[in-house]
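Trainee:
Residue numbers (our numbering): 57 to 394.
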């Protein structure tokens, strides 16, 4: 048994709207709560026709208002796009509305292409230098008010909003270790540096007021169905979507096809297999065995499941199978209000 959570981008399927996607996210979150999932995170992306979670704080409020107790948060907010004070105010407000339920995961990528990043009106050069300063500034707004402090996040000051660092490389692993923060690795689409990042994070971790020992969460795709053939067919939606993005043609989540080999060249298939290597696709027993072996090998404190499936009912069933495989029910969060 391991704490297990969900990462959702509110995918917009072909033939559907953003309103449909957001309703489906609320539906999935309610099921996740019943199944014993620990957290439900949404992620910031911009100018993506197939993703409805661009206004991440607003979507978090939507999910939190649709549920009762599951933790809800950002996986993550792309901090270079925002002033730290604005994020502190947004998440201070969320924590005030839904006390003890809000997480704030921070990434340093823009979550979009460079042209759109410029339209977001944040200077992106020297982001490796600026990101650590922005994280520490943001953390300061949640600290208790200091004598003579002239700038405060209201709501926000004095609130214990857990802050996570997210990454797909080694940079955020090192920073999370230095700052004593929990760390989440995006192995569901960038698995190459997973083991090295976790080793750096655990070996260099410095205890802090927020966290006494390392706490690592890793992400995995799970596409589960009653048969292997049906799961593989459902998985082709993610594969097509990934390849469309790599081709510079992002779109809505496409319906599944019978053979992904008919959609892509062998070189493209090699790319997608490598990027989506941490994916567990198959019947309930195959998924259970694959997840168990992965967790035993990597040793995370928590696992986060992603799974974009064209049909909403099939998506609900897939996350139900994953919850049973992971024995999510009864697992309690080990990071709640760090």
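Built from N, CA and C at the ideal position, the CB exists for glycine as well.
Taking residue 101 and residue 65 to be in contact with their CB atoms under 8 Å, please state how far apart those CB atoms are, rounded to whole angstroms.
Mentor: 6 Å
Trainee: Which whole-angstrom value describes the C-beta separation of residue 358 and residue 60, a residue pair presumed to lie in contact below a C-beta threshold of 8 Å?
Mentor: 7 Å
Trainee: Using the Cα positions of residue 187 and residue 315, report the straight-line distance between them to the nearest angstrom.
Mentor: Residue 187 and residue 315 have their C-alpha atoms roughly 42 Å apart.
Trainee: Hey, residue 382 and residue 58 are a contact pair by Cβ (cut 8 Å); roughly how many whole angstroms apart?
Mentor: 6 Å
Trainee: In whole angstroms, give me the CA-to-CA distance for residue 193 and residue 283.
Mentor: 50 Å
Trainee: Per DSSP, residue 429 is paired with what?
Mentor: This structure cannot speak to residue 429, because the chain is shown only from 57 to 394.
Trainee: Start and end of the alpha helix (DSSP H) containing residue 130?
Mentor: Where residue 130 is concerned, there is no enclosing alpha helix (DSSP H), although the beta strand (DSSP E) it sits in stretches over 127-134.
Trainee: Scan the segment 285-341 and note each continuous beta strand (DSSP E) run of 3 residues or more that stays entirely inside, going in chain order.
Mentor: Runs of the beta strand (DSSP E) inside the segment 285-341: 335-338.
Trainee: Measuring straight from C-alpha to C-alpha, what distance separates residue 208 and residue 107?
Mentor: 33 Å
Trainee: For residue 386, is the classification buried or exposed, using 16 other Cβ atoms within 10 angstroms of its Cβ as the cut-off for buried?
Mentor: Residue confidence is low: residue 386 scores 43 on pLDDT, short of 50, so the model does not pin down where it sits. Its coordinate-derived value is still stated next. Counting Cβ neighbours within 10 Å, residue 386 comes out exposed, since fewer than 16 surround it.
Trainee: Would the segment 151-166 and the segment 253-263 be scored as touching if the rule is three or more Cβ pairs under 8 Å?
Mentor: These segments do not touch.
Trainee: From 363, 216 and 97, pick the residue whose C-alpha is nearest to that of residue 290; which is it?
Mentor: 363
Trainee: Candidates 157, 161 and 96: which alpha carbon is nearest residue 81's?
Mentor: Here the closest residue by C-alpha is 96.
Trainee: Is it true that the CB of residue 234 sits closer than 8 Å to the CB of residue 365?
Mentor: no
Trainee: Residue 376 to residue 243, Cα distance in whole Å?
Mentor: Distance between the alpha carbons of residue 376 and residue 243: 21 Å.
Trainee: Need the endpoints of the beta strand (DSSP E) that residue 151 sits in, please.
Mentor: Here residue 151 belongs to no beta strand (DSSP E); instead the alpha helix (DSSP H) covers 140-153.
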